[in-house]
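Read in the numbering used here, the sequence shown has 106 at position 107, and its numbers run on one by one without any break.
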Amino acid sequence: MSERSIRILLAVSLALNIFVLGAAAGAGYMWQAQEGQRDGAGDQRGLRFAAAGLSPEQRKAFRQALAEARRQSAADIEAARAGREAVARLIEAEPIDAAAINATLASVRQADMALRGRLEQAIVTFATGLTPADRARLVDGLRGRTNMLRRAHEK
């Protein structure tokens with residue numbers, strides 16, 4: 000090989016190595032950015048995050064209270080899920096039966112409201128054991144996470 004060919008190969012190799020290093024650095028940056036979102040920087044709108052301002056023991060007790068309310072509402076949760084599936088089938092059916100759809104939606108609403116009532120009661124029961132300062136932190140956490148404390152202009 001001539002000296003010119005070797006220089007061309009070295010230049011191509013150098014360019015390729017720089018490209019590979021840039022791709023690896025970019026992939027590492029993207030991976031770190033996504034990892035940060037998964038570690039809690041993401042959307043924490045779930046009701047269980049309402050107790051984020053409380054102590055770890057209180058957060059655990061809050062999550063347990065919510066879990067118990069959901070366990071007690073398992074039949075309502077299943078009824079609402081099945082009702083939503085039925086609504087989808089009824090809407091797709093020919094001919095469309097508006098009365099059946101409305102009746103099914105009413106049963107779904109009833110199941111949803113039963114679950115909501117149990118969850119709200121669990122929150123109230125949990126709040127009765129908190130200090131005024133802890134209750135204020137809980138209220139801050141509940142805002143935007145539940146209809147229980149939604150302001151009129153947020154609807």
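Quick reminder that beta carbons are idealized off the backbone N, C-alpha and C, glycines included.
Here the region 104-114 makes contact with the region 76-89; the two share three or more CB pairs at distances below 8 Å. In this chain, the alpha helix (DSSP H) harbouring Met112 covers 97-126.
Within 10 angstroms of the beta-carbon of Leu53 lie 16 or more other beta-carbons, which makes it buried. By the 16-neighbour rule on beta-carbons within 10 angstroms, Ile122 is buried. Look at the beta carbons and you see the region 130-137 touching the region 49-65: at least three pairs across the two are nearer than 8 Å. Taking C-beta atoms as the reference points, Gln63 and Arg117 fail to come closer than 8 Å.
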